[in-house]
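Take a look at the structure set out below.
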Amino acid sequence: MSKLTKSMANYVTHYSFFIIFAILVSIFAFTKAMNNGFSIDLIHRDSPNSPFYDPSLSFTERMNNSFHRSFNRSINLRSRSSIIVASNNGEYLMQFSLGTPPVRTLGVADTGSDITWTQCLPCKKCFKQQTCLFNPTKSSTYKPLPCGSKMCHATFSTSCNRTKKTCGYQVMYGDNSYSIGDLATETIRFGSKKKTQVSLKRTVIGCGHNNAGTFSGDKESGIVGLGGGKFSLISQMGSSIGGKFSYCLAPFLKHSSVPKSKIHFGSNAVILGSKVVTTPLAKKSPATFYFLTLEGVSVGEKRLDFREVAFSYEEGNIILDSGTVLTMFSPEIYVKLEAMVKGQIKLPTVVDPTGALSLCYKSLSIEKIPIITMHFKGADVKLGPLNTFVATSDSSWCFAFAASYGVPIYGNIAQMNFLVGYDLKRRHISFKAADCSKQSH
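This is how it looks when you write it as structure tokens:
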């Protein structure tokens, strides 16, 4: 073999080794990035940190508004059709940045919605917002979704603009709000500091050019879809977070400042410990919602077994939802449950000042509140007093459960001070009692 040939062979060998080494380094870096989780704040809509906060409203008025949102959402979830989704007035907000250069955006975090959308220019009809509307023409990473894309099909209405050959969407909410616009891929960023910033590239979003309804006006820019459907932010992050996210909701108390709640993704969302209980996600349509199977409820030592009430029991009989305040049951179940609670708390009842809840007591002490256990399939979740009773005024504490002819919902008061973990890969939900006002990340 000539010296030239040997030299070429050595060059190819070293070059090949360099390429393989570079690929391995890239794979390692990519895997490490995928395994690194992240966490961001969830802002309660009624806290002073929220743009929704109205200091002129009394605590009773705020609670009354939140209870009525719960009733409306329960009814809206029940009446959902292929293009109708739940009421958009959620209870928590998320901050993120959209596009390149990044534009700060505030959206309603909604586990009952899939598509993430924001108001966009040019705007045919938009509700007022404090920040500037997103201008897709000024973002280098904005790409309209072509009609032929596999993502141009959804449970909500999509259409093809034959002139531009791009995909459009139309999403209607149960409270008659709506958003109409273009589907596109764009970069979403979480975190304000570059060193800790997380970028989600080529994420399908809705760029809304025609938006109206009961949005709260100049507060939010749109919706952050955290549901289980293929268009949701959670599903699109997919393998990068291992199909995992969790949150820890801090209690909202009358006479205290409201600590920020947290939502965690990826490795940050893993819930460990001996006191973790896990229940399977039921396979049920629509895929947007997180259906659990609730087999019964105990008040103290007395149990109401749903399996003995034929008309109330089925797999996937309740929806886990962070966007609803109250826990809602059918009237038949609620009446039995309220009677059990009354039997344990032998005190005179009072009328709820908000007019929304039916079982209330005056100056109820925590010691008088019985332990209520939610018997999910394979998981017993024991609720503390702040999960089952809520102050509705200076002189009234009311049972934070209610009757509704809509879909049964496991609401966010019952979830407060719990780490609630979603594992969409293994198809289960985990619960662990925690102090959500003292979160380390």
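FYI, the numbering for the sequence shown is 7 to 447, going by my numbering. Note that the Cβ used here is the ideal one computed from N, Cα and C, for glycine as well. Source: prediction; values computed, not measured.
**OP:** Check each candidate in Y367, P107 and G417 and name the one with the smallest Cα separation from V357.
**Re:** Counting from one through the sequence shown, the residue named residue 357 turns up at place 351. Per the Cα distances, Y367.
Original post:
Touching or not, the region 94–111 and the region 137–146, by the rule of three or more beta carbon pairs under 8 Å?
Top reply: yes
Subject >> CA-to-CA distance, S163 to A385, given in whole angstroms >> reply: Residue mapping note: residue 385 aligns to position 379 of the sequence shown, counting from 1. Residue mapping note: residue 163 aligns to position 157 of the sequence shown, counting from 1. Cα to Cα, the separation comes out at about 37 Å.
Subject >> Cβ pair count under 8 Å reaching 3, the region 427–446 against the region 273–281 >> reply: yes
**OP:** Sort out for me which residues DSSP pairs C173 with in a bridge.
**Re:** By one-based count along the sequence shown, residue 173 stands at place 167. Per DSSP, the beta bridge partners of C173 are C166.
Subject >> Three-state class that DSSP yields for E97 in the structure shown >> reply: Along the sequence shown, one-based indexing puts residue 97 at 91. Coil at E97, not helix or strand.
**OP:** Output the boundary residues of the beta strand (DSSP E) element that contains L425.
**Re:** The residue given as residue 425 occupies position 419 in the sequence shown. First-last of the beta strand (DSSP E) with L425: F424 to D429.
**OP:** Find the nearest neighbour of N418 within the set V331, F407 and K388, judged by alpha-carbon distance.
**Re:** As a position in the sequence shown, residue 418 is number 412, starting the count at 1. The shortest Cα separation from N418 among V331, F407 and K388 belongs to V331.
Subject >> Where D400 falls, given that 16 or more other Cβ within 10 Å makes a residue buried >> reply: Taking the sequence shown and counting its residues from 1, the one referred to as residue 400 is at position 394. So D400 counts as exposed.
**OP:** Run the CB neighbour count on T294, radius 10 Å, all protein chains shown included, and call it buried at 16 or more, exposed below.
**Re:** Residue numbering aside, residue 294 sits at position 288 when the sequence shown is read from its first letter. It is buried - the Cβ of T294 has at least 16 other Cβ atoms within 10 Å.
**OP:** Quick one: grab the DSSP three-state call for Q421.
**Re:** By one-based count along the sequence shown, residue 421 stands at place 415. Residue state, collapsed to three classes: helix.
Original post:
Taking Cβ positions, are S238 and I121 nearer each other than 9 Å?
Top reply: Counting from 1 along the sequence shown, the entry for residue 238 is found at position 232. Counting from 1 along the sequence shown, the entry for residue 121 is found at position 115. Taking 9 Å as the Cβ cut-off, S238 and I121 qualify as a contacting pair.
Original post:
Thinking just about the alpha-carbon of each residue, which of G248, W123 and L389 is nearest to the one in F405?
Top reply: Counting from 1 along the sequence shown, the entry for residue 405 is found at position 399. Considering only G248, W123 and L389, the residue with the shortest C-alpha distance to F405 is L389.
Original post:
S85 to G412, Cα distance in whole Å?
Top reply: Reading the sequence shown from its first residue, position 79 is the one you call residue 85. Reading the sequence shown from its first residue, position 406 is the one you call residue 412. At S85 the pLDDT is 47, less than 50, meaning the model places this residue with poor confidence and gives no usable figure here.
Original post:
Once you ignore the five residues that flank F335 on each side, which residues in its own chain have a CB closer than 7 Å to its CB?
Top reply: Stepping through the sequence shown from its first residue, residue 335 is reached at position 329. Counting only Cβ-Cβ distances below 7 Å, and skipping sequence neighbours, we find L343, F407, A409 and P414.
Original post:
According to DSSP, what are the bridge partners of A408?
Top reply: Counting from one through the sequence shown, the residue named residue 408 turns up at place 402. DSSP output for A408 lists M334 as bridge partner(s).
Subject >> Integer Cβ distance of I339 from I46, believed to fall under 8 Å >> reply: Numbered from its first residue, the sequence shown carries residue 339 at position 333. Numbered from its first residue, the sequence shown carries residue 46 at position 40. The Cβ separation is near 36 Å, so there is no contact.
**OP:** Taking 9 Å as the cut-off, decide whether the C-beta atoms of G174 and S165 are in contact.
**Re:** The residue you call residue 174 lines up with position 168 of the sequence shown. The residue you call residue 165 lines up with position 159 of the sequence shown. Closer than 9 Å, so yes.
Original post:
Which stretch, first to last residue, makes up the alpha helix (DSSP H) that contains L239?
Top reply: Position 233 of the sequence shown, counted from the first residue, corresponds to residue 239. Unbroken alpha helix (DSSP H) run through L239: L239 to M243.
Original post:
In angstroms, rounded to a whole number, what distance separates the CA positions of P152 and K130?
Top reply: The sequence position of residue 152 within the sequence shown is 146, counting from 1. The sequence position of residue 130 within the sequence shown is 124, counting from 1. About 22 Å.
Subject >> Extent of the continuous beta strand (DSSP E) to which T394 belongs >> reply: For the purposes of this step, residue 394 is taken as the residue at position 388 of the sequence shown. For T394, no beta strand (DSSP E) run applies; the uninterrupted alpha helix (DSSP H) run containing it begins and ends at P391 to T394, by DSSP.
Original post:
Since S185 sits in a beta bridge, which residues does DSSP pair it with?
Top reply: In the sequence shown, counting from the first residue as 1, residue 185 sits at position 179. V177 and N217, per the DSSP bridge assignment.
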